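Peer 1:
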Amino acid sequence: LNNLAVLADQRGDLDKAEHYHQRALEIHESLAPNSLNLATSLDNMGNLAWQHGDLAKAENYHRRALRIREERAPGSLSVAASLTNLGSDAQARGDLAGAKEFYLRGLAIKEKLAPATLDVANSLNNLGNIAREEGDLAGAERYYRKTLEIREKLAPNSLDVAASLQNLGEAGQDRRNWIEAKDYYQNALRIEQSIAPSGVLAAESLNHLAEVGLALGDVSAAEDYYRQALRIRESVAPGSLAHAESLAGLAAVMRTKGRLDESAQLLAQALDAFENQTGRLGGTEDIRSGFKAKYGYFYLDLIDLLMSQKRAESAFQVLERSRARSLLAMLTAARIDIRKGVDPQLLEMEHRLRETLAAKSSLQIRMRTGPHTEEQVANSRKENEELLARYQQVEEQVRASSPSYAALTQPQPLNMKEVQGLLDKESLLLEYSLGEQHSYVWVVSTNSLASYELPKRAEIEKVARELYELLTARNRIIKDESGLKRQARLAGIQQQYGECAGRLASMILGPVVGYLQAKRLLIVSDGALQYVPFSALPSPVTGGPLVVEHEIVNLPSASVLAVLRREMVGRTEPPKAVAVLADPVFSIQDSRVNLQSKQNGREKQPMKTKDGSFYASAPRARSVEDADLADYGNKALQRLTFTRQEAEAIMAATPPGQGMEALGFAASRSTAMNPNLAQYRIVHFAAHGVLDSKHPELSGLVLSLVNSRGEPQNGFLDLQDIYNLNLPVDMVVLSACETALGKEIRGEGLVGLTRGFMYAGASRVVASLWNVDDVATAELMRRFYKAILREGLPPASALRKAQVEMARQKRWSDPYYWAAFTIEGEWRPIHP
Numbered sequence: 017l018n019n020l021a022v023l024a025d026q027r028g029d030l031d032k033a034e035h036y037h038q039r040a041l042e043i044h045e046s047l048a049p050n051s052l053n054l055a056t057s058l059d060n061m062g063n064l065a066w067q068h069g070d071l072a073k074a075e076n077y078h079r080r081a082l083r084i085r086e087e088r089a090p091g092s093l094s095v096a097a098s099l100t101n102l103g104s105d106a107q108a109r110g111d112l113a114g115a116k117e118f119y120l121r122g123l124a125i126k127e128k129l130a131p132a133t134l135d136v137a138n139s140l141n142n143l144g145n146i147a148r149e150e151g152d153l154a155g156a157e158r159y160y161r162k163t164l165e166i167r168e169k170l171a172p173n174s175l176d177v178a179a180s181l182q183n184l185g186e187a188g189q190d191r192r193n194w195i196e197a198k199d200y201y202q203n204a205l206r207i208e209q210s211i212a213p214s215g216v217l218a219a220e221s222l223n224h225l226a227e228v229g230l231a232l233g234d235v236s237a238a239e240d241y242y243r244q245a246l247r248i249r250e251s252v253a254p255g256s257l258a259h260a261e262s263l264a265g266l267a268a269v270m271r272t273k274g275r276l277d278e279s280a281q282l283l284a285q286a287l288d289a290f291e292n293q294t295g296r297l298g299g300t301e302d303i304r305s306g307f308k309a310k311y312g313y314f315y316l317d318l319i320d321l322l323m324s325q326k327r328a329e330s331a332f333q334v335l336e337r338s339r340a341r342s343l344l345a346m347l348t349a350a351r352i353d354i355r356k357g358v359d360p361q362l363l364e365m366e367h368r369l370r371e372t373l374a375a376k377s378s379l380q381i382r383m384r385t386g387p388h389t390e391e392q393v394a395n396s397r398k399e400n401e402e403l404l405a406r407y408q409q410v411e412e413q414v415r416a417s418s419p420s421y422a423a424l425t426q427p428q429p430l431n432m433k434e435v436q437g438l439l440d441k442e443s444l445l446l447e448y449s450l451g452e453q454h455s456y457v458w459v460v461s462t463n464s465l466a467s468y469e470l471p472k473r474a475e476i477e478k479v480a481r482e483l484y485e486l487l488t489a490r491n492r493i494i495k496d497e498s499g500l501k502r503q504a505r506l507a508g509i510q511q512q513y514g515e516c517a518g519r520l521a522s523m524i525l526g527p528v529v530g531y532l533q534a535k536r537l538l539i540v541s542d543g544a545l546q547y548v549p550f551s552a553l554p555s556p557v558t559g560g561p562l563v564v565e566h567e568i569v570n571l572p573s574a575s576v577l578a579v580l581r582r583e584m585v586g587r588t589e590p591p592k593a594v595a596v597l598a599d600p601v602f603s604i605q606d607s608r609v610n611l612q613s614k615q616n617g618r619e620k621q622p623m624k625t626k627d628g629s630f631y632a633s634a635p636r637a638r639s640v641e642d643a644d645l646a647d648y649g650n651k652a653l654q655r656l657t658f659t660r661q662e663a664e665a666i667m668a669a670t671p672p673g674q675g676m677e678a679l680g681f682a683a684s685r686s687t688a689m690n691p692n693l694a695q696y697r698i699v700h701f702a703a704h705g706v707l708d709s710k711h712p713e714l715s716g717l718v719l720s721l722v723n724s725r726g727e728p729q730n731g732f733l734d735l736q737d738i739y740n741l742n743l744p745v746d747m748v749v750l751s752a753c754e755t756a757l758g759k760e761i762r763g764e765g766l767v768g769l770t771r772g773f774m775y776a777g778a779s780r781v782v783a784s785l786w787n788v789d790d791v792a793t794a795e796l797m798r799r800f801y802k803a804i805l806r807e808g809l810p811p812a813s814a815l816r817k818a819q820v821e822m823a824r825q826k827r828w829s830d831p832y833y834w835a836a837f838t839i840e841g842e843w844r845p846i847h848p
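For the sequence shown, my numbering gives the first residue as 17, with consecutive numbering after it.
1) Using 8 angstroms as the threshold, is the C-beta distance between D404 and E713 below it?
2) With a 10 Å radius around its C-beta and 16 neighbouring C-beta atoms as the bar for buried, classify Y833 as buried or exposed.
3) Name the two residues that bound the continuous alpha helix (DSSP H) containing A598.
4) So for L562, helix, strand or coil by DSSP?
5) Do you know how far the Cα of L520 is from the Cα of I539?
6) Once the 5 residues before and after L322 are set aside, which same chain residues still bring their CB inside 6 angstroms of it?
7) For V706, which of helix, strand or coil comes out of DSSP?
8) Report the partner residues of N76 according to the DSSP bridge assignment.
9) If you compare alpha carbons, which of K398, L41, E34, A258 is closest to F314?
10) Using the three-state DSSP reduction, which class does L733 fall into: helix, strand or coil?
11) Between the C-alpha atoms of A634 and S461, what's the straight-line distance to the nearest angstrom?
12) By alpha-carbon positions, which one of S575, E795, S251, S417 ends up nearest to K433?
13) For G777, does the count of other Cβ atoms within 10 angstroms reach 16, so buried, or fall short, so exposed?
14) What span of residues does the beta strand (DSSP E) with F681 cover, start to end?
15) At the level of alpha carbons, what is the spacing between V706 and L679?
16) Does the Cβ-Cβ distance between Y531 and L444 come in under 8 angstroms?
17) Quick one: using the 10 Å Cβ neighbour count with 16 as the cut-off for buried, is P254 buried or exposed?
18) D746 by DSSP, collapsed to three states: which one?
19) In terms of alpha-carbon separation, which member of N173, P131, G188 lies closest to D152?
20) On the three-state DSSP scale, how would you describe V457?
21) Could you check if M584 belongs to the surroundings of the ligand MN, using beta carbon to heavy atom distance under 7 angstroms?
22) Alpha carbon to alpha carbon, what distance is there between I166 and G155?
23) In this structure, how does DSSP classify S443 when only helix, strand and coil are distinguished?
24) Roughly how many angstroms separate the alpha carbons of S46 and G357, rounded to a whole number?
25) Among the residues of its own chain, which have a CB less than 8 angstroms from the CB of A48, if the five just before and after it don't count?
26) Drop a sphere of 10 angstroms on the beta-carbon of V557, count the other beta-carbons inside from all chains shown, and report buried for 16 or more, exposed for fewer.
27) Taking R85 and L52 to be in contact with their CB atoms under 8 angstroms, please state how far apart those CB atoms are, rounded to whole angstroms.
28) Would DSSP call Y448 helix, strand or coil?
29) Around the C-beta of S94, are 16 or more other C-beta atoms found within 10 angstroms, so that it is buried, or is it exposed?
30) Specify the secondary structure class of S236 as computed by DSSP and reduced to three states.
31) Starting from T838, follow the alpha helix (DSSP H) in both directions and report where the run begins and ends.
32) Select from V722, H704, A694, G103 the residue whose C-alpha is nearest the C-alpha of L741.
33) Is DSSP giving P554 helix, strand or coil here?
34) Return the residue from the list S57, R505, A835, V252 that minimises the CA-CA distance to V563.
35) Keeping to the same chain, check which residues put their C-beta closer than 7 angstroms to that of A24; ignore five residues upstream and five downstream.
36) Which residues share a DSSP beta bridge with I698?
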């Protein structure tokens, strides 16, 4: 049966190959469970699933095979084969680091047991593919040529040789050496068509020849090659990424020939195939998001084509289809018990890894605030990353084996009529899409839609990044800079800021100036615009800060807002008003650990001005990275004194009996994870923040790291903790540094703490875009909560009022002090 399957596979008949392999698998499972023969059948089924594009199923088969082989034949070539297969699974979904690790482990076994064999050549070839995807073309070609040398010697004119020729063609194509690439592809295709004319390798060579033809201007040849490739891929692997690529390529040909409607139809089919592939991807959420970002050009190409046809509504729906898909799926999954029906041992493993990761993260924070070496911190970080990878693998196994998760229906993006139904007459939606050649903004009201072309992505992002640097210039410490020189530098920067902000506003708001009569602007940003506070941009109408005239609310996508509102339907209103966690204790050097060090048993309070606002002689930021720790020095994490006054100001505005104040030692991770927090409509954290843009799962809030006896404790509330909270509240406020930021993933936005709290149940999140000043933040929050709790304003209105008040005071007029905080999610009023 296995031999018949191999023959069917070589003919490109995957359905028949799967039939034979499945029968062989059933026999092995019945007669020889946990045998090496069963592992072989599992591998065969995994390889077929991989060819069909079902990477989740492929990985499941390959992991089962690896477990058997490591138990029955540790260190063997069969173990190496399983590692190689798992590397292919990881590489196909874009996890290059994971793939490289699997390939290197497999290669080490092969070189020890069977040097200079085809198995070794396969591993070298795989490492060449990784090097190419990482942008190391020289390294990739070295691997490919060494591979070709072995294969031509041991298996001349084989499909293996054809694969090596194809890889060298791809490297030539990357260098834009079209003639060299074409020669390699044609030589590969001759071999492939003599052995397996309808196989996946032949389809790949045809697709590459089409790309080269299009690059050389031979449109007719490109069309012919794409159609040949498409016929094979529709037969062999319908709904796969390869199928999507051929459809998109043929669409490009049709657009070149002026057949726009046909091009749009083909691109729509490519999107369907691509989304079918992503639904069967497997791997972690981070990997799935990265995969979607890598192939985001499918969406952008269709948007661009539809906009060229003046089909703005259709283009908008494609944009919504591309936006925050992972967040939509997560929010949908958040309300089910995905652990119901899952193997208890797997759940126990998940719990142990979660707790170990949390403890290690807290230890790393403590290490960085006490005596340590750079090597110790680097080793600690590496341990954390390895633990995180293991935890994510187990978490994915939980999802894969969860009946509830399998039964989930993926949420569908909204159409235009549904989006307009979310709005009210005082709101205007501005949704941006930044493209390589063309960018666009859609302007949506309750009864209208307009769209405008903007400059290309590179031009907009250059100005946006420059503006962010100017906004955050006060956080920049320049060695040996005197006070006078710093004042002069900041004065110059203020002038530059006005000019730069004006340029950006002209680019992204100028075209829509005629629509800005609305009170509230709902912003769906893209790219570097996500780092820009629209509130601080000059109004194209008056020239003053936009926040003076408008409430500004951020959204990941319009469709996410619909999910947030659905979650609020029927939800019981929390009985109390505000819970505040503030002024944590970070070190045994803190005076609160030793009561005798306090003055008469009472702590010294910061000074206030006559109007009740706060005063301090030196700025202090609410960021671990800003607390003199970025260079891994040995200074303690500074206490944020003004967070206590911030908490007291919030409590002063809160009705009696409606608030909870957790200060000092009580501002702990255990308090943050206590289910009782769900009794409050607003949950407020005032602490240090940690941003990890590479691994957003390791971002979080630093709460009390020691208890009242000075003993170390886990005080780091990381993103995984937040995902595990049950916090169906009206609002979470993250009064810390850079809490609105995260890892930027094309189409998904910034993956970080904000989406974590939305997943936990918060309808809206207030967070910061940069390292905020401790005193200014306390002052902003005092005004913000007074407007909500005393004056009854909705959160977006209250934030606007607080920001406008501070902007009008000379002391706080620089946008650095008031513009960092943004509100994301629902804008409608909190329960009265």
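No residue lacks a Cβ here, since even glycine has one placed at the ideal position from N, Cα and C.
Source: prediction; values computed, not measured.
Peer 2: Per the coordinate set shown:
1) For this step, residue 404 is matched to residue 388 along the sequence shown. For this step, residue 713 is matched to residue 697 along the sequence shown. In the sequence under discussion, the amino acid at residue 404 is Leu, which differs from the Asp named in the question. Yes. Within cutoff.
2) Translated into positions along the sequence shown, residue 833 becomes position 817. Y833 should be labelled buried.
3) Sequence index remark: in the sequence shown, residue 598 carries index 582 (1-based). Note, A598: premise wrong, no alpha helix (DSSP H); beta strand (DSSP E) at 592-600.
4) Taking the sequence shown and counting its residues from 1, one reaches residue 562 at position 546. Three-state DSSP puts L562 in a helix.
5) Locating residue 539 in the sequence shown gives position 523, counting from the first residue. Locating residue 520 in the sequence shown gives position 504, counting from the first residue. So the two alpha carbons sit approximately 15 angstroms from each other.
6) Against the sequence shown, residue 322 aligns to sequence position 306. S330, A331, listed in sequence order.
7) Numbered from 1 along the sequence shown, position 690 holds the residue referred to as residue 706. Strand at V706.
8) As a working note, residue 76 is residue 60 in the sequence shown. DSSP output for N76 lists no bridge partner at all.
9) Residue mapping note: residue 314 aligns to position 298 of the sequence shown, counting from 1. The shortest Cα separation from F314 among K398, L41, E34, A258 belongs to A258.
10) Mapped onto the sequence shown, residue 733 falls at position 717. Of the three classes helix, strand and coil, the one that applies to L733 here is strand, per DSSP.
11) Locating residue 634 in the sequence shown gives position 618, where the first residue counts as 1. Locating residue 461 in the sequence shown gives position 445, where the first residue counts as 1. With a pLDDT of 41 at A634, under the threshold of 50, the modelled position of that residue is not reliable, and no figure is offered here.
12) Here residue 433 is taken as the residue at index 417 of the sequence shown, counted from 1. The candidate whose alpha carbon is nearest that of K433 is S575.
13) In the sequence shown, the residue the question calls residue 777 occupies position 761. So G777 counts as buried.
14) Within the sequence shown, numbered from 1, the residue matching residue 681 stands at position 665. F681 -> no beta strand (DSSP E), and no H or E assigned at all.
15) Locating residue 706 in the sequence shown gives position 690, where the first residue counts as 1. Locating residue 679 in the sequence shown gives position 663, where the first residue counts as 1. Their Cα atoms are separated by approximately 20 angstroms.
16) Locating residue 531 in the sequence shown gives position 515, counting from the first residue. Locating residue 444 in the sequence shown gives position 428, counting from the first residue. Yes, Cβ-Cβ distance for Y531 and L444 is below 8 angstroms.
17) Against the sequence shown, residue 254 aligns to sequence position 238. The residue is exposed, with fewer than 16 neighbouring Cβ atoms inside 10 Å.
18) For the purposes of this step, residue 746 is taken as the residue at position 730 of the sequence shown. Here D746 sits in coil by DSSP.
19) Walking along the sequence shown from the start, residue 152 turns up at place 136. Among N173, P131, G188, the Cα nearest to that of D152 is on G188.
20) Here residue 457 is taken as the residue at index 441 of the sequence shown, counted from 1. Strand, per DSSP.
21) The ligand MN is not part of the structure shown, which contains no ligands of any sort.
22) Residue 155 sits at position 139 when you count from the first residue of the sequence shown. Residue 166 sits at position 150 when you count from the first residue of the sequence shown. Cα to Cα, G155 sits roughly 17 angstroms from I166.
23) Locating residue 443 in the sequence shown gives position 427, where the first residue counts as 1. Three-state result, S443: strand.
24) Against the sequence shown, residue 46 aligns to sequence position 30. Against the sequence shown, residue 357 aligns to sequence position 341. If I take the Cα positions, the gap works out to 25 angstroms.
25) In the sequence shown, the residue the question calls residue 48 occupies position 32. So the list reads L54, once near-sequence residues are dropped.
26) Translated into the one-based positions of the sequence shown, residue 557 becomes position 541. So V557 counts as exposed.
27) Taking the sequence shown and counting its residues from 1, one reaches residue 85 at position 69. Taking the sequence shown and counting its residues from 1, one reaches residue 52 at position 36. About 7 angstroms; that satisfies the 8 angstroms criterion.
28) The residue labelled residue 448 in the question sits at position 432 within the sequence shown. Of the three classes helix, strand and coil, the one that applies to Y448 here is strand, per DSSP.
29) For the purposes of this step, residue 94 is taken as residue 78 along the sequence shown, with counting starting at 1. That one is buried.
30) Translated into positions along the sequence shown, residue 236 becomes position 220. Three-state DSSP puts S236 in a helix.
31) As a position in the sequence shown, residue 838 is number 822, starting the count at 1. Taken as a continuous stretch (DSSP letters only), T838 belongs to no alpha helix (DSSP H), being part of the beta strand (DSSP E) at 837-841.
32) Position 725 of the sequence shown, counted from the first residue, corresponds to residue 741. With distances taken between Cα atoms, L741 lies closest to A694.
33) As a first step, residue 554 is located in the sequence shown; it is residue number 538 there, counting from the start. Three-state result, P554: strand.
34) On the sequence shown, residue 563 is found 547 positions in, with the first residue counted as 1. That would be A835, whose Cα lies nearest to the Cα of V563.
35) The sequence position of residue 24 within the sequence shown is 8, counting from 1. Correct list, in chain order: K32, A33, Y36.
36) Along the sequence shown, one-based indexing puts residue 698 at 682. Bridge partners of I698: V594, M747.
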